[in-house]
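The sequence shown begins at 6 in my numbering and counts up one residue at a time.
Built from N, CA and C at the ideal position, the CB exists for glycine as well.
If you're wondering where the values come from, they're calculated on a predicted model, not measured in any experiment.
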Amino acid sequence: MRLCRVLGSVVATEKHPAFAGRTLLVVQPLDERGADTGDSFVAIDHAQAGPGDRVLVLTEGNGVRQILKMGDQVPIRSMVVGIVDDVDVPGAAGDAGRP
6 MRLCRVLGSV VATEKHPAFA GRTLLVVQPL DERGADTGDS FVAIDHAQAG PGDRVLVLTE
66 GNGVRQILKM GDQVPIRSMV VGIVDDVDVP GAAGDAGRP
């Protein structure tokens, strides 16, 4: 599972049938402080996320296949599974000494 920010959506006129009717999003991985880390990638949306949203992305193909219940040959590896409201990092500025 990775913390990411949605950069935007992807439109494709030709795609694998497993992607039919699904929203494709470009997401940017974030570190625990919210800074960009690593390369952006494409994930299907399962949480109705939009540009600028911080999201949780499941990046393990077997878990995605279990959620979709489409069999073992689904070519989908990454899925947005939740929208993040807040991230609390102990020791970060503004943490006020919480454990």
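Under the three-state reduction of DSSP, Q53 is assigned to coil, being neither helix nor strand. For T28, the closest of P80, G13, I72, R38 by C-alpha to C-alpha distance is G13. Residue nearest to H51 within the set D91, T18, G26, Q33 is G26 (criterion: CA-CA distance).
The beta carbon of S83 sits closer than 8 Å to those of V32, F46, V47, A48, I49, V62, L63, T64, V69, all from its chain and outside the five residues before and after it, given in chain order. A distance of 9 Å or more separates the beta carbons of L8 and L30.
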